[in-house]
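Below: one structure, written as structure tokens.
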């Protein structure tokens, strides 16, 4: 009986490996073509994006679910993994950004003006996280991994991002301080000590809350993990994403971002439909105007995003879990569309998402990242309470645990 089971498992794994050959070939051919036609940096970003997709999928590294289970059930393993991710990234980012170069590549951080727009935009984004069921990176890896619902969220995310660019001038005119970096203010060493203390404090608060609710810290990591098929421990996901952001900085000269590409995709689609987006103030700025004229594949963020979806597809097929379900409940569809629109619009108002503002912002020492975090968390609290209205679940640990 055991022998028969082993043969069945081996056969299933073999079929998964064969199915993964297709997306792996696409990644290889795409990387080779991009390296020849565009340049090695874009090719490298495609590979880094694919690595991010694999890490996100196999570690199930969700910002949205991690915040939701902390809010609803006081389980904090996911948030503690985020603190580890941030600490590991800051350890490299702070001295590199202070020096201004990384292996000869000029670098700059994700620094934005902290102000009212960040607070409101992050709150909107937070509500969207729970209704949509994902964040910026989560939407990409879930869609790439075969979630048809998240394809709806992605489409609405793109539309919301374009919508946000239409009002960018108004949001930019709200009260705000000058862009501020604690790395520039205090130096990399003191900035890291202060940041690490904050990360440790947040982790301690989650442990205290979890022990108060459950009497102990609940196990979070899988008992057994397969490198190629997952699942991976959260700590591996945290360190993997830190390496992804460091790699993006080294290759492109700026930290990892996601949602600016969604705005670009939406603008290009709108332009094809005859909408004169090039006349909008946001798309009239030199950098945005150049991106609108150029190929999507010339945009570093777009290439990384495409890589994430390919990497998640590879991970899902290797795990034998790529099985799209084409039936989605009507209320869930409504939540997906509303959530996606809020995600896209909120990200543009707040000058970033959970990656560009929270992860890369804090890793860059930007004060706007620290403002984004509590505002988005507050939005997640509201979004978690709204989920049952749309037939979406909220995790609870059984009393036997």
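In the numbering used here, the protein residues as written are 1127 to 1527. Even glycine gets a Cβ: it sits at the ideal position worked out from N, Cα and C. The structure displayed is predicted, hence computed values, not measured ones.
Hey, out of the options, whose CA is closest to residue i's CA?
{"i": "residue 1235", "options": "1276, 1482, 1186 and 1335", "result": "1482"}
{"i": "residue 1471", "options": "1170, 1254 and 1346", "result": "1254"}
{"i": "residue 1193", "options": "1519, 1286 and 1506", "result": "1506"}
{"i": "residue 1310", "options": "1444, 1336, 1476 and 1225", "result": "1225"}
{"i": "residue 1204", "options": "1220, 1485, 1410 and 1186", "result": "1186"}
{"i": "residue 1151", "options": "1440, 1379 and 1452", "result": "1440"}
{"i": "residue 1156", "options": "1173, 1199 and 1214", "result": "1173"}
{"i": "residue 1384", "options": "1478, 1413 and 1369", "result": "1478"}
{"i": "residue 1210", "options": "1183, 1362 and 1312", "result": "1362"}
{"i": "residue 1314", "options": "1408, 1217, 1382 and 1436", "result": "1217"}
{"i": "residue 1146", "options": "1443, 1280 and 1523", "result": "1443"}
{"i": "residue 1280", "options": "1416, 1294, 1292 and 1263", "result": "1263"}
{"i": "residue 1428", "options": "1452, 1451, 1378 and 1468", "result": "1378"}
{"i": "residue 1356", "options": "1446, 1345, 1290 and 1294", "result": "1446"}
{"i": "residue 1243", "options": "1298, 1197 and 1221", "result": "1298"}
Under the rule that 16 or more other beta-carbon atoms within 10 Å means buried, what is residue i, buried or exposed?
{"i": "residue 1342", "result": "exposed"}
{"i": "residue 1296", "result": "exposed"}
{"i": "residue 1168", "result": "buried"}
{"i": "residue 1387", "result": "buried"}
{"i": "residue 1336", "result": "buried"}
{"i": "residue 1448", "result": "buried"}
{"i": "residue 1229", "result": "exposed"}
{"i": "residue 1278", "result": "buried"}
{"i": "residue 1353", "result": "exposed"}
{"i": "residue 1250", "result": "buried"}
{"i": "residue 1207", "result": "buried"}
{"i": "residue 1499", "result": "buried"}
{"i": "residue 1399", "result": "exposed"}
{"i": "residue 1319", "result": "exposed"}
{"i": "residue 1526", "result": "Bear in mind that a pLDDT of 40 at residue 1526, under 50, signals an unreliable position, so the number given afterwards is only what the model happens to contain. Under this definition residue 1526 is an exposed residue."}
{"i": "residue 1275", "result": "buried"}
{"i": "residue 1414", "result": "buried"}
{"i": "residue 1434", "result": "buried"}
{"i": "residue 1149", "result": "buried"}
{"i": "residue 1489", "result": "buried"}
{"i": "residue 1412", "result": "exposed"}
{"i": "residue 1175", "result": "buried"}
{"i": "residue 1522", "result": "exposed"}
{"i": "residue 1358", "result": "buried"}
{"i": "residue 1259", "result": "buried"}
I'd like to confirm the pairing. Which residues does DSSP put opposite residue i in its beta bridges?
{"i": "residue 1241", "result": "1302"}
{"i": "residue 1492", "result": "1307"}
{"i": "residue 1227", "result": "1232"}
Give the DSSP-derived three-state secondary structure of residue i in the structure shown.
{"i": "residue 1407", "result": "helix"}
{"i": "residue 1198", "result": "helix"}
{"i": "residue 1278", "result": "helix"}
{"i": "residue 1187", "result": "coil"}
{"i": "residue 1232", "result": "strand"}
{"i": "residue 1218", "result": "helix"}
{"i": "residue 1455", "result": "coil"}
{"i": "residue 1430", "result": "helix"}
{"i": "residue 1474", "result": "helix"}
{"i": "residue 1400", "result": "coil"}
{"i": "residue 1485", "result": "helix"}
{"i": "residue 1421", "result": "coil"}
{"i": "residue 1444", "result": "helix"}
{"i": "residue 1152", "result": "helix"}
{"i": "residue 1359", "result": "coil"}
{"i": "residue 1525", "result": "Because residue 1525 carries a pLDDT of 47, less than 50, the predicted location of this residue cannot be relied on, and no value is offered for it."}
{"i": "residue 1460", "result": "helix"}
{"i": "residue 1293", "result": "coil"}
{"i": "residue 1329", "result": "helix"}
{"i": "residue 1135", "result": "Bear in mind that the predicted position of residue 1135 carries a pLDDT of just 43, short of 50, making it unreliable; the figure below should be weighed with that in mind. Looking at residue 1135 - three-state DSSP - the assignment turns out to be helix."}
{"i": "residue 1499", "result": "helix"}
{"i": "residue 1319", "result": "helix"}
{"i": "residue 1520", "result": "coil"}
{"i": "residue 1515", "result": "helix"}
{"i": "residue 1346", "result": "coil"}
{"i": "residue 1267", "result": "helix"}
_Cβ contact check for the region 1483-1500 and the region 1296-1311: 3 or more pairs under 8 Å_ = Counting C-beta pairs with one atom in each stretch, the region 1483-1500 and the region 1296-1311 have three or more that are closer than 8 Å, which means they touch.
*Do the region 1247-1262 and the region 1454-1465 touch if we need at least three Cβ pairs shorter than 8 Å?*
yes
_Cβ contact check for the region 1387-1398 and the region 1221-1238: 3 or more pairs under 8 Å_ = no
*the region 1265-1282 in contact with the region 1317-1328 per 3-pair CB rule at 8 Å*: no
*State whether the region 1416-1429 contacts the region 1163-1170, with contact taken as three or more CB pairs (one from each stretch) at a distance under 8 Å.*
yes
*Quick one: any contact between the region 1282-1294 and the region 1498-1518, if contact means 3 or more CB pairs under 8 Å?*
no
*Quick check: the region 1369-1378 against the region 1399-1411, are there 3 or more CB pairs under 8 Å?*
Short answer: they don't touch.
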